[in-house]
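Participant:
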Amino acid sequence: MTHLNQALYNFIAIYHTTENLVLEQEDWQCAIKLLATDSQETLTLRLVNGRVIEIGYDLNQEDLLVKADEATLLDILEFRRDPNEPYLFGELTIQGAEANFLRLDYVVTQLCQ
1 MTHLNQALYN FIAIYHTTEN LVLEQEDWQC AIKLLATDSQ ETLTLRLVNG RVIEIGYDLN
61 QEDLLVKADE ATLLDILEFR RDPNEPYLFG ELTIQGAEAN FLRLDYVVTQ LCQ
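Residue numbering for the sequence shown follows UniProt numbering, starting at 1 and increasing by one per position.
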């Protein structure tokens, strides 16, 4: 298991234990692909009813594509860095529907507090 993969699993475990946050997302269906731009490692997670039900390396389709170098992704997944700063400075890019982007930003920001 790679460092990025382990960080994602830990992040998801913490998210799932934050019951109020998960309940707020119960109507959210989304596939999110993380791409480490320096190593080209990709991980995709699929949410159904606000819960991550699948993690894979190549799930067929993503609704959101999150791209950053591996160090930035690790900093966010390990709660060392809020995602807003790297996004504002172009270190982190997100492609996909605005509604999914806003929901992801809300969840990650809440967990980083």
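We put the beta carbon where it would ideally sit given N, CA and C, even for glycine.
Assign residue 117 to one of two classes, buried (16 or more other C-beta atoms within 10 Å of its C-beta) or exposed (fewer than that).
Facilitator: Only positions 1 to 113 of the chain appear in the structure, and residue 117 is not among them; the question remains open.
Participant: How is the beta strand (DSSP E) around GLN95 delimited, first residue to last?
Facilitator: It spans 92–96 - the beta strand (DSSP E) in which GLN95 sits, taken as one unbroken run.
Participant: What does DSSP give as the partner residues of LEU73 in its beta bridges?
Facilitator: LEU73 is not bridged to any residue.
Participant: Would you report the Cα separation of LEU92 and GLN40, rounded to the nearest angstrom?
Facilitator: Their Cα atoms are separated by approximately 14 Å.
Participant: Hey, quick one: how far does the alpha helix (DSSP H) through GLU24 stretch, first residue to last?
Facilitator: Per DSSP, GLU24 belongs to the alpha helix (DSSP H) from 19–24.
Participant: How big is the Cα-Cα spacing for ASP82 and GLN29?
Facilitator: Roughly 23 Å between the two C-alpha positions.
Participant: Considering only the alpha carbon of each residue, which of ASN5, THR18 and LEU8 lies closest to LEU111?
Facilitator: Answer by Cα proximity: THR18.
Participant: Taking all protein chains shown into account, do 16 or more other C-beta atoms lie within 10 angstroms of the C-beta of LEU23, making it buried, or fewer, making it exposed?
Facilitator: Exposed, because fewer than 16 other Cβ atoms sit within 10 Å of the Cβ of LEU23.
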